[in-house]
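Read the structure below first, then the notes.
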Amino acid sequence: MSIVLKDLCKSYGDQAIVDHLTLEVKTGELFVLLGESGSGKTSILRMIAGLVMPDEGVILLEGEAVTDVPPQQRNIGFVFQNYSLFRHMTVAENIAFGLKIRQVPRKVREAHVERLLEMIGLVGLGDRYPSRISGGQQQRIALARALAYQPKVLLLDEPFGALDLKSRVQLRENLKNVQRQLKITTVLVTHDQGDAFELGDRIGILERGRLLSLGSPSEVYRRPRTRYVAQFLGEVNLLEGIVKDDTVQVGEVSLALREETVPHETGARVQVLIRPEQLEVATVPELLRGTFLAKGDVQSLLFAGASYRVGIRVRGLAGSVTGPAGRTESSVLFAQIGLGTDQAAALAPPREVAVGVSAFHILPYPALRILVAVDRSKEAKDALQLAVTLSKTTQGHLTLLGVADHYLDEIRTKQGLIQAKKALAEESQEAETLYRRGRPTEEILKETNKSRYDLVLFGTRWRPSPRRLLNAPAFEVALNSPIPTLITPVPAGRLQKVLVLSSGEEICRSEMRFIGRLSRALEADVTLLYVQPGPDPRESVLDYLQELLQVLRNQGTRAEFHVRSGQQIPTLLNELREQNYDLLVFSARRMKRQKTFPDRSSADRFFSHLNRPVLVLNAGECPESEEPASIR
Amino acid sequence: MELINAQNLMASFRRKVPGLSWRGLVMAGLFLALFPLLLMPIGAIFIFATRDGLSRFLNALSGAAAQFALRLSLLIALLTSILNSALGTLTAYVLSKYRFPAKRAVEILINLPVAIPTVIVGTSLLLLWGPLGLVGKYLDPLGIRPMFTMGGVLLAHLFVTFPYMLGSVKPVLEELEVTYEEAAYTMGAGRLGTFWYVILPSLRGALLTGTLLTFAHSLGEFGATVMVSGNLRLRTQTAPLYIFSQFEAGNVEAANAVAAVLAVLSFTIFFVLLRVREGRSTQRGAVDVNRS
């Protein structure tokens, strides 16, 4: 092993840039660290070079611990993003610099520089100054300069960052040739998948200072370990499926599973990842070479040079397609296919087509990530208990958040966190803890806005005092957080009967999927309740309820709907009590818009009557694509 | 009446020569103002100096006091330039590379000599180091008298010209990327080696500019020098002091001769500076074009 990093940590201020990173780079290998800006990749490179000292951890170069060795003595070559060629030196002097420092005789130096110039294909440019040569040439000079003194390890920081596509492609080839020729152990840092795929013997994908995935380019591309990696490496169609024996059920279609896919068991919910180039499109299903997936209408057809990009709105698939930017558009799949002009004309939208799959990859369904707001009240213990239940049934991740709004509360809050963690440990439940200073509502909202959680959980008792209620962080967070908020005022047992209050139009499909996912994990039955003021429900309402029901059933959740007439709140309370539901779900969207509770005490009365866990869906607007079709 | 005529004239003038507009008039006015303000006085020095023939001019120059004054001025200017390039570069390096508390205050303080009248600099030096000064009165019994010596003059010149070196070196240092030094480190160069081979050479232009500026200012320094030197003939009298003394004594010829030499020196430095600056800006321009 040429480079070994063990448990490397580095943080600036509060922010961890590199987080317990362990990595081995084999001798002679070209290893690519791929990550977005801020993922810590450059910091890792600088730590290997000795330009930055790690806070913790060990760095070994060829088996020798160099963690405390200054850069001068590490014998590494480093190519900087801006090349940092010395402006006052000629190209030849730049290349010879490392040799001059090593006191190599002038004659030897000159011969060596000539050889290097030849290797990078820039013979005759030795007398030029860096300001008089092109960016691509500068890059090659920087490479030659870093290789001149035969370093043990070559490190490259975004070496193609400042170049146009054409020189990029050329220089990649050049670098790969040079690296092969010299068999020098190389670490290259980039944010560009193209660099990584073309150059890397192996790729490591970084996010927030952690190594998410490691493997050969085709391995990480075809069989990514997480959804983030899959999406980072390119566009991917993301569907939901259920494993049945050797197949995965997607909508009404079963796709045969291959041996090497991730461990799975019958009944497990999985994500099905299909790259655009793994989809095919034909006018009739019989013409498909792969497995038939769904029928749909061509929605868009874009010429993209070597291939066409086809958007197909498909029917009967419970799923979503998520591009690299995290855009979600329900039931639209993107295919990338090579087409002749005539074939392309035949697919002009809104042509009805059949979509087939040639290959796919499955991932376990993501675990529920739960943020638990902890204080030292009795209700917080109820919340913790519920969090454990949820986490056990969904293989969830728990994060405990304590907020002190006054410095005097600091110690108590921290103690509360420690106690909570201990209590969880007794039930062999792991949890992360977070401590914040500030106003609880603001701090919790800040955390929920980070898109690191699926659910925020509170324990709070609805008190008869209106001030207590409306000032309570739970209430504010429920109204304003972008993720659903689960509030439990009482110790919750098993949640087996879920009542979803759906009055007309406020629940998005994505939220319904979330409810389905939660209910399925809890093995709970779901009832949709619609309370209407008049005697007969409008037809559109029934369509809407049917649609939501379908979303739930597609996910394998048992669900039904009830339509009741009467006043909304009394009817709801009545229904809750008579049928003995364990969990009430409603959306804060309309509540917020229509000011359902004209004053605080009416809200208070309502909540104090509930006396059971409540899941409040987020108050923001539905993205258009997530609105139920029946009300659009 | 005349005014109206003038207006008519101008109007017709403009009509006849369409290219000559306000721009031409403003430029002409500027030259008319600059000529008596700048060019004529400088011209006067040379006219007066050479009016009575070259031999008289050379004669005036060859006097012992004149010779001494010119040499002293050149020596002081040279020493000031050398010392201040070292001091200024070091200060610029520290200021551009390190962060420390009160850094901004230090930056302002260092540039203060530009704002303070030089006579006041001289006075304050006297009040500190002079035989009756705050520190000087303890040194005086020991036989150490920094004031009214060449050392005192040098001290005053270092003080007064300090910001010029700093001002030309610091921006260039700040422009160098951090990775510039790091690149040298990764290739095996130590801190000193990096400074010597990498940092210093890239400061060449700036150092030359700073040195020339310092030299020119030191050569012409009067206010502080007259205070700290005591204007002692053949001991501390620099060229500007000599010119002033001779002029006051009525020896206009002697004063003029030395003034002419000083003026020629200053012009030379000025034109060299101009060349250096232009050279640097075109070079930098080339790099910029390349980057974009």
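Residue numbers (the numbering used here), protein chains in the order written: chain W, 56 to 687; chain G, 28 to 319.
C-beta: ideal position from N, C-alpha, C; glycine also.
Exposed or buried, W/F287, counting other C-beta atoms within 10 Å across all chains shown (16 or more means buried)? buried
Along chain G, which residues have their Cβ under 7 Å away from the Cβ of W/G153? M214 and G215
Would G/T206 pass as an interface residue toward chain W - the criterion being a Cβ-Cβ separation below 8 Å? yes
8 Å Cβ cutoff, G/V141 in contact with chain W: no
With 8 Å as the limit, tell me which residues of the region 181 to 198 of chain G have their beta carbon closer than that to any beta carbon of chain W; keep them in chain order. none
Do you know offhand how far W/G621's Cα is from W/L556's? 14 Å
Coarse secondary structure for W/V545, derived from DSSP in three states: coil
C-beta neighbour in chain B for G/G220, strict 8 Å: Within the model displayed, chain B is absent; protein chains W and G are what it includes.
How many angstroms separate the CA atom of W/Q70 from the CA atom of W/G93? 11 Å
So W/L627 packs on W/L584, CB below 8 Å; how close in whole Å? 7 Å
Taking the beta carbon of W/L140 as the centre, do at least 16 other beta carbons fall within 10 Å, making it buried, or is it exposed? buried
Fully enclosed by the region 64 to 148 of chain W, which beta strand (DSSP E) runs are 3 residues long or longer? 70 to 80, 85 to 90, 111 to 116 and 131 to 134
CB-CB under 6 Å to W/I260, same chain, minus the five flanking residues each way: which ones, in chain order? L89, L267, S268 and V284
Keeping to the same chain, check which residues put their C-beta closer than 8 Å to that of W/G393; ignore five residues upstream and five downstream. A361, S362 and Y363
So G/F84 and G/A284 are in contact, right, with Cβ under 8 Å, and what is the actual spacing, rounded? 5 Å
From W/G249, W/D430 and W/R368, residue whose alpha carbon lies closest to that of W/R406: W/R368
Which term fits W/S189, buried or exposed, when burial requires 16 or more other beta carbons within 10 angstroms of its beta carbon? exposed
Exposure label - G/M67; buried when at least 16 CB within 10 Å: exposed
Enclosing beta strand (DSSP E) for W/K299 [first to last residue]: V291 to K299
Any alpha helix (DSSP H) of 4 or more consecutive residues that is wholly inside the region 238 to 297 of chain W: 248 to 254, 272 to 277 and 282 to 287
Taking the alpha carbon of W/I562 as the point to measure from, which residue in W/L402, W/L604, W/G68 and W/E84 has its own alpha carbon closest? W/L604
I'd like to know whether the C-beta atoms of W/A422 and W/T449 end up nearer to each other than 8 Å. yes
Which residue's Cα is closest to the Cα of W/A614: W/E332, W/M108, W/L202 and W/R568? W/R568
Taking the C-alpha atoms as reference points, what is the distance between G/L301 and G/S82? 33 Å
Closest Cβ-Cβ distance between G/S112 and chain W: below 8 Å? no
Spell out a yes or no on whether the region 253 to 272 of chain G and the region 226 to 243 of chain G are touching, meaning 3 or more CB-CB pairs, one atom from each, closer than 8 Å. no
Within chain W, the residues that G/R231 reaches when beta carbons sit closer than 8 Å: H143
Can you list the residues of chain G that W/S642 reaches, using a CB-CB cut of under 8 Å? By Cβ distance, chain G contributes nothing, its closest Cβ being about 51 Å from W/S642, past 8 Å.
Once you ignore the five residues that flank W/A547 on each side, which residues in its own chain have a CB closer than 6 Å to its CB? L441 and P668
Where W/V159 falls: helix, strand or coil (DSSP): coil
Three-state class that DSSP yields for G/V285 in the structure shown: helix
Apply the 10 Å Cβ neighbour rule to G/F3 and answer buried if 16 or more other Cβ atoms are within range, or exposed otherwise. Residue 3 of chain G is absent from the structure shown; chain G starts at 28 and stops at 319.
Applying the criterion that 16 or more other CB atoms from any shown protein chain within 10 Å of the CB defines a buried residue, is W/G589 buried or exposed? exposed
Using a Cβ-Cβ distance cut-off of 8 Å, determine whether G/A286 contacts chain W. no
So that I know if they touch, is there some Cβ in chain W lying closer than 8 Å to that of G/A119? no
Alpha carbon to alpha carbon, what distance is there between W/R278 and W/H416? 6 Å
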